[in-house]
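Notes follow once the structure below has been shown.
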Amino acid sequence: MSAFGNILLGGIFHAAVLFLVAAGLQLVFGVQKIVNLACGSFYALGAYFGITFVTLALKAGMPQWTLLPLLLVAGAVMAVVGPPIERILRTVYDRDESFQLLLTFAMVLMFQDIIRFLWGANPTSLDNVQLVYGKIVAGDFIVPVYNLLVIAAAIGAAALIGLFLQRTNYGRLLRATAENRTMAEALGVNVRGIYAAVFTLGTLLGTVGGALVVPTAAASLDMAVEVVIEAFAVVVIGGLGSMAGALAGSLLVGLIRAGSLVFYPEFEILAIYLIVIGVLLLKPSGLFGKPAA
Amino acid sequence: MTPLIETRGVSKHYGAFRALDDISIAVRAGEFVSIVGPNGAGKTTLVNLLTGLLVPTNGEVYFKGENIAGVGPVALATRGMARTFQLVQIFPQLTVAETIGAAVVTHQGKQWRLLSPLLADEAISARVAEIAGIFGLEQRLATLSRLLSQGEKKLLDVASAFALQPQVILLDEPTSGVSTAEKHTVMKTLVGAARAAGVDAIILVEHDMDLVASYSHRIIALSEGKVLADLPPDAFFADPAIIETVVGKRRGH
Amino acid sequence: MKLSRRTVLKSIAATGAAATSPGVFAPAIAQAKPCRLGILAPRTGIAASPGISGLRATEWAVERFNAGGGIAGRKIELVIEEETSPKDTIERFQKLVQQDKVDCVLGIISTGVALALGPVVEESRALTIFWDGTTQDGVEEKLPNARYLFKSTDNECEAVMSSLLAIKHWKGQFKRIAGINPDYSYGRNNMAAFIALLKRFNIEHEVVTEQWPKVGTMELTSNVAALKAAKPDLIFSSLLFADLPVFMKQAAAAELTKGIKLVFPAAGFQHTLMKKDFTPEGMLFGHNTLYFDNPNATPMAKEFVAWYADKQKDYPNWEADRAYFALASYKAAVEAAAKAKGSAWPSNDDVIDAMVGLSVESLGGKGSWRKDHIADQTFVQGFSTHNNKYDFVTLDPARIETMYSADLQKPAGANFWEWLKTAQFKI
Amino acid sequence: MRRAPSVILIVAAVVALGLVPVLAPPFYANLLVPFYGYAIALLGFNLLFGYGGLLSFGHAMFLGLGAYGAAVIAGVWGIKEFEIVLIGAALAGLVVALPLGWLVVRYTGIFFGMLTLAFGMLTHSVLFKFYHLTGGDSGMRVPRMRLLGLEFAAYNKIELMAGPFYYYCLALMLIAAFLMWRIVHSPFGLHLRSLRDNAQKALYLGVRVHQFRLAAFVISAIYGAIGGAILGFRTGLADPELVYWTHSGHLVFMTVLGGFSSFLGPIIGALALTLLQDQLQSYTQYWRFVLGAILALVVIFLPRGLAGLAADVGSFLSSPRRRPGPVQLPEHSQPGVLGPGLRRDDVA
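Residue numbers (this note's numbering), protein chains in the order written: chain A, 1 to 293; chain B, 1001 to 1253; chain C, 2001 to 2427; chain D, 3001 to 3348.
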């Protein structure tokens, strides 16, 4: 039973991190209709900067328990790359999707070298500072509190985004713009401002995701291109542009991966792609996507 | 004489909503039939059923004696039915000649010729030139469609439909977006072109009662998914109740 | 000496040696030119970390050799190109050989690239020394009877050594074994070699789970949970690069690694990331052919480590030794051949003949070249300890084990898996 | 008469390519062999993308198919005739693309891109996971083969690549380009372009949307597999890197760099990127950044690619009074017009 609990929590933790990246992807796609391949690069950026920032802060005498807030701040700081990139993307808003996709692919190539230039090619990681929050132990069932905090942070982010979109005026404007940009523009909505805000928020989710995961993992140059593929799987399964879909998709991917590791490890990655293809063929708009016209 | 196109007791339901209910109409060779009705009366659904895009919930749709329910636009295009759209539909990056040519290729059954040069096919070029001539587009053959004027785009849209050499053509509000003064000119061109192209029957979906009155042999009025009237123009316009339903509501629109 | 940029101008390449066939040296003009060496090493991607370590060791060695007069009197000049995919690396290799007309190519870490490049090396008749990248699979098929190519030790050497050490020290203390290895031939073969050796020594065992995470997976909590559920007595893992510290961290958090035997032949590939707070003491820890903190190291090795620590703020891994060994071998072979022939600069064929049987003191210990152009080197493994001045684990100085690969790799022409079944091992 | 200058240019380009092994150092002939592989693959890719409006982000899987096909036919089965390998690769492309295409051509836009990406990555993990069959990460060997039944025993592989195989590939590319030229200028090509521009309208003109997209998908797969077989022979190895999604991105990169709205654009793009990457790698270790920046600049400022630029410069030079018009872009899709922005096929 405790083994089951460990596996389940492992899957959920994985899902929590994936959710943050996927939510950024969804938000940007939902409003701006841009599939952002560079979301993985933001994730990597958050991870690398998270290490640097936490290391410096701890050296400067910050107590260890500030780890989580420090990481959140690091992620937030890195979101500054959002607005300039949005400014570049603005040049192709009126073009075909393929141009937008390619421009973000160009960003992937560029960020790979920017990160290498700034942090070097060696992977880096933090000490086990995440254990500062302790562990919950019940027999064989062991989970670091930090992992639970990350899961909580992801749920919190989901809730905040939900509240923001559903309950605030700005959220309504966002949804209106997502629904019909021309109409929103005609009604005097500052679409340009909304796009900049949405893209920055999407970037923020990616950088925070990267920063939060790094204490339990490491930062490496490959993490950008690897996470993109998994985040894609999540949004395709959940339905492009849907926040509920991102949540369901990341849970599904996290749990399937965890489950297949136990029952049939060979199946791990294959299982995810097979589900992606199955969903695309049977319900192309994804589990939570609005059915296409 | 068997009708060219006929619906027998056709209904189309979307869940509880009955878009069309028990519609039986027929169009014969040589007829010009208009379909009118207020918004939401079921005109679009009927057009989609007639063009084989939708499968009726009940009843059958016949074209030249064959059941065409749901066979799709492609099959109908090759069998002799064409349609135009209310909003002008063009191929932005194709020239006028290519746009008409696409239909001619279908008509001549040459779409699977993967390696034969299009330009060298004289049968295609001749037909393209002929159709373009009918619509006064012969000077614009090499022009990209997106560079045409709005009126020319409309003509091109219709011309490409005519290039299928259809027996029946379905015109969905062909004069929408055209100024009132020009509406008759456009209609005259269309009807003239239809005659020149050898079209047997025209089905017109239209709001403009003036146009409907001027050209139709018969007018079918739809209201709330049912056939309200199926009458020649004289009898149609003599019934104030029908006019009230069809036009009156439009006035309030 | 600047490493990040090409140091060679194309115009030089068009003259002089251009008339001769590629790679064949023209002795007449030898003295006039520096000795030009091509380096192929990854700078990004998973193999970047050993790539950088190898590049830095090359830089150090070149400075050192040039200070001592270069190779047989010729100064060394480097042309550095990046090792990427097999297809692109072949192009870079041909550029080095055909355009830059280098005297020798050194480098290559990835097995896939090594297998693709091997035949090209032979076709090009360009003397090439691989740093690394020799897995069992496909080597016989893809790199048979090499003449111009000198290959590294088998990648599985460290697995054989770890297995032997595990059997030696822990025999009878484990039965339920679990594996977590990277999902590529290196990981597959490491695990298979371990199982084969357990069978060879009639160790009763049961494989309770085998995990194969994709290389570069940064989220292994699910794997950790799956391993924990299988309740193993021993975990064998050839995880390497960034994946390993991630695994250790997540395993430590879940208390997977507490109280069980850990056999990690590739642990030292990323040794500075193996922080004390998540890497337990007493695990079997492989450093491959270079252990930077080896108390028995030669003065040269200690000097190198000190330079590396001072200049790079880092501690070198095994690839530094491989790179140094390749370069030092070439230098020794050229000088030996020159001396034997009494010429200023030997032909490629003479250098190749001189390489065979050559023995060199490398950074990690002795190394030599077999008749079949495969290297023999000294491997270092041991048991991890927290008792040091670093924030990561090192080897317990009292329990450092070194083995020469002559006892770890199959003899020329043998099949690895058959050899494992019959070989006499020194435990 | 108006086409005369471009015909002269093309003939000159072919002659120049033909002279490379004679005049340039052998390195360049070797470097250009993969270019021919890419050029052929991209001719097919652009039938789908430029003419059919479908952006595949998993097209590298067909290059992989060709390379692995060559590894199986020549390496495992020992049939070392390159012509048979080419036919085998083409057949493999056909056999795989038919069911796959049948599934994916019902979608357009981002959906098509994501579905092909998913299939590409599925192929990648299959190649990686089933390593007993595929060699996993180290891939499968592609042995040396005979060309037109000739052994060329006097040549080593490098000389073979820089000599006979170079001309073989040049000829193959010319044949592939000629056939593709006929395809895009055929009635079929016209229908394909019409459904790219406006699928609904095309449908009512009798254009068989799914069948035509499927045909384009299959043809592009065959071209991709043939290009992949060339790459496999050149490298001597079929490895999973060929199928990774970033390699698919590379294919798109080349096409856009050259210009997807022009017939020769993909070939120009393949040549430009091959030469560019070669030079950049020599000058800086941060060549990926430079490539990314170039891609970004091309996407933003040169949406018609190098071919479009050349055409503008050409028309500027030929009539000094007529300035090149504003950048002409293909009509973009309107995001959001069909439900949640997923431009699903208008007819499905």
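We put the beta carbon where it would ideally sit given N, CA and C, even for glycine. These numbers were taken from a predicted model, which means no experiment stands behind them.
- DSSP places D1234 (chain B) within a helical segment (H, G or I) once states are collapsed to three.
- Within 10 angstroms of the beta-carbon of G82 (chain A) lie 16 or more other beta-carbons, which makes it buried.
- Closest in alpha carbon position to T2221 (chain C), among A:V143, A:G120, A:A138 and A:V80, is A:V143.
- Around the CB of P2411 (chain C), fewer than 16 other CB atoms lie within 10 Å, so the residue is classed as exposed.
- Distance from the Cα of P2299 (chain C) is smallest, within the candidate group C:G2364, C:E2081, C:Q2381 and C:R2399, for C:G2364.
- In this chain, M78 (chain A) is not harboured by any beta strand (DSSP E); it is covered by the alpha helix (DSSP H) spanning L67 to M78.
- Using a CB distance cut-off of 7 Å, P144 (chain A) counts as an interface residue toward chain C.
- For V262 (chain A), the chain C residues whose Cβ falls inside 9 Å of its Cβ are T2209, S2222, A2225, A2226, A2229 and A2230, in order along the chain.
- Residues of the segment 90 to 101 of chain A with a C-beta less than 7 Å from any C-beta of chain D: T91, V92, D94, R95, D96, E97, S98, F99 and L101, listed in chain order.
- With distances taken between CA atoms, I3219 (chain D) lies nearest to D:H3059 out of D:S3318, D:H3059 and D:V3033.
- Closest option to G2187 (chain C), judged by alpha-carbon separation, among C:T2209, C:N2155 and C:A2375: C:N2155.
- In chain order, T203, G206 and T207 place their CB closer than 6 Å to the CB of F42 (chain A), counting only its own chain and leaving out the 5 sequence neighbours on each side.
- When the alpha-carbon of K2175 (chain C) is set against those of C:I2195, C:S2162, C:N2189 and C:S2185, the nearest one is in C:I2195.
- DSSP, read as helix, strand or coil, puts Q1150 (chain B) in helix.
- Within chain D, the residues placing a beta-carbon under 7 Å from that of Q2098 (chain C) are P3025, P3026 and F3027, ordered along the chain.
- Going by DSSP, W2060 (chain C) is part of the alpha helix (DSSP H) stretching over A2048 to A2067.
- I1005 (chain B) and S1223 (chain B) have their C-alpha atoms some 21 Å from each other.
- Within chain A, the C-beta atoms nearer than 9 Å to that of R2043 (chain C) come from R116 and A121, in chain order.
- Taking C-beta atoms as the reference points, V234 (chain A) and S220 (chain A) fail to come closer than 7 Å.
- The C-alpha of F3289 (chain D) lies about 14 Å from the C-alpha of G120 (chain A).
- For E226 (chain A), the number of other beta carbons within 10 angstroms of its own is at least 16, and it is reported as buried.
- In the structure shown, the three-state DSSP call for H3191 (chain D) is helix.
- In this structure E2122 (chain C) touches R2147 (chain C) by the C-beta definition: roughly 6 Å separates them, less than 8 Å.
- Here the alpha carbon of L3242 (chain D) sits roughly 24 Å from the alpha carbon of W2131 (chain C).
- Taking the Cα positions, F3188 (chain D) is about 12 Å away from L1119 (chain B).
- The way I'd put it, the segment 124 to 132 of chain A doesn't touch the segment 2057 to 2067 of chain C; fewer than three beta-carbon pairs between them come closer than 8 Å.
- Distance from the CA atom of T2111 (chain C) to the CA atom of A258 (chain A), rounded to whole angstroms, is 30 Å.
- Residue contact with chain A for L2239 (chain C): absent (no Cβ-Cβ distance below 7 Å to any residue of chain A).
- In the structure shown, the three-state DSSP call for A3089 (chain D) is helix.
- Rounded to the nearest angstrom, the gap between the Cα atoms of A1201 (chain B) and L3251 (chain D) is 51 Å.
- The DSSP assignment places 3026 to 3046 and 3060 to 3070 as complete runs of the alpha helix (DSSP H) inside the segment 3005 to 3072 of chain D, in order along the chain (cut-off: 4 residues).
- With distances taken between CA atoms, L3297 (chain D) lies nearest to A:T91 out of A:L45, A:T91, A:G75 and A:I51.
- Close to R3288 (chain D), with beta-carbon spacing below 7 Å, are these residues of chain A in chain order: L109, Q112 and D113.
- Residue pairing from DSSP places G2382 (chain C) in a beta bridge opposite C:F2285.
- If you ignore the 5 residues before and after R1218 (chain B), its C-beta comes within less than 6 Å of the C-beta of V1033 and P1232, all in its own chain and listed in chain order.
- Linking V1010 (chain B) to A1026 (chain B) through their CA atoms gives a straight-line distance of about 12 Å.
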